[in-house]
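Participant: Residue numbers (this note's numbering): 32 to 299.
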């Protein structure tokens, strides 16, 4: 009987170890997911008004500077310069002026078409060239295309002396479509009536011309008259004294022994 009791004790111990081992295995194979516990809902949250953002003064956004096109850069006027006029030639886009500047260098520049109308008035004269900005054709051919560009042109030439002081033009050219009258050496007149040694050249449209010298000037009653004598004939050019002599008209009267033989009007 004594050997049976230890055997029973050993059997019960083995069964206990087997039960513990099986329980540990089940625990490792079936983990339990943990559910987070939510905080209790606050019933007052639904009635709470959302907070408004604070009023912050907005700084004005500076406007961006406009992009400037290099093609729109303004063109500034050129400074006047002094030179002796060598040649004036009509061109297709402008009047081309060749002159010798004060350094002795010969140069060419463009001028307005009006300066080509009376080139004899400026040739071999010392003048001050006044520039301005004008539009000229920008076409690739002689055919008009409507395109223009801005450029500097001589718009006025003022006779000056060696010191740069302005002089009255020594030579003027007057025209009326039929006659061309060129008066030279005008600075020989001292301002005293019946003095001077002005030259005279007149040509009609058939190129019949006459040249005279020794013209004298006399001004009275708002009119200046220059007279040349040639035998029995006298040639008198009368011009009104105005602020804009280039727009006033002159009249040439030819007399023989005091009798009027011809009167040419509309010279300007």
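Ideal placement from N, C-alpha and C gives every residue a C-beta, glycine not left out. Remember, it's a predicted structure, so these values are computed and weren't measured experimentally.
Any chance the region 212-231 sits against the region 171-181, with 3 or more Cβ pairs inside 8 Å?
Facilitator: The region 212-231, when compared against the region 171-181, does not touch it at the 8 Å Cβ threshold.
Participant: Is the region 159-166 in contact with the region 214-226, if contact means three or more CB pairs nearer than 8 Å?
Facilitator: Counting Cβ pairs under 8 Å, fewer than three are found: no touch.
Participant: May I have the straight-line CA-CA distance separating residue 104 from residue 151, to the nearest angstrom?
Facilitator: In this predicted model, residue 104 has a pLDDT of only 37, less than 50, meaning its place in the structure is not dependable enough to derive any value.
Participant: Just the C-alpha distance for residue 122 and residue 147, rounded to the nearest angstrom, thanks.
Facilitator: Straight-line Cα distance between these residues: approximately 9 Å.
Participant: Just the C-alpha distance for residue 171 and residue 244, rounded to the nearest angstrom, thanks.
Facilitator: Going from the Cα of residue 171 to the Cα of residue 244 covers about 49 Å.
Participant: Does DSSP classify residue 217 as helix, strand or coil?
Facilitator: In this structure, residue 217 counts as helix in the three-state DSSP scheme.
Participant: Just the C-alpha distance for residue 128 and residue 142, rounded to the nearest angstrom, thanks.
Facilitator: Rounded to the nearest angstrom, the two C-alpha atoms are 7 Å apart.
Participant: Do you know offhand how far residue 139's Cα is from residue 262's?
Facilitator: When rounded, the distance between both Cα atoms is 45 Å.
Participant: Is it buried or exposed, residue 273, if we count other Cβ atoms within 10 angstroms and call 16 or more buried?
Facilitator: Per the 10 Å Cβ criterion, exposed.
Participant: Given a threshold of 16 other Cβ atoms within 10 Å of its Cβ, counted over all protein chains shown, does residue 233 qualify as buried or as exposed?
Facilitator: Buried, because 16 or more other Cβ atoms sit within 10 Å of the Cβ of residue 233.
Participant: So, with DSSP's three-state summary, where would you put residue 146?
Facilitator: Residue 146 falls in the helix class under three-state DSSP.
Participant: What is the rounded straight-line gap between the Cα of residue 187 and the Cα of residue 254?
Facilitator: Those two C-alpha atoms are separated by around 26 Å.
Participant: How many Å lie between residue 200 and residue 213 at the Cα?
Facilitator: In a straight line, the C-alpha of residue 200 is about 12 Å away from that of residue 213.
Participant: Specify the secondary structure class of residue 280 as computed by DSSP and reduced to three states.
Facilitator: Residue 280 falls in the coil class under three-state DSSP.
Participant: Comparing alpha-carbon positions, which option in 196, 185, 130 lies nearest residue 163?
Facilitator: Checking every option, the nearest Cα to that of residue 163 belongs to 185.
Participant: Can you give me the start and stop residues for the beta strand (DSSP E) that residue 188 sits inside?
Facilitator: Start and end: 179-190.
Participant: Is residue 230 near the ligand FAD, in the sense that its beta carbon is under 7 Å from a heavy atom of that ligand?
Facilitator: Here there are no bound small molecules, and the ligand FAD is not part of this structure.
Participant: Taking the alpha carbon of residue 217 as the reference point, which residue from 209, 189, 246 has its own alpha carbon closest?
Facilitator: Ranking 209, 189, 246 by Cα distance to residue 217 puts 246 first.
Participant: Taking its Cβ as the centre, do 16 or more other Cβ atoms sit within 10 Å of residue 126, making it buried, or is it exposed?
Facilitator: Answer is buried; the Cβ neighbour count reaches 16.
Participant: Whole angstroms are fine: how far does the CA of residue 265 sit from the CA of residue 192?
Facilitator: If I take the Cα positions, the gap works out to 32 Å.
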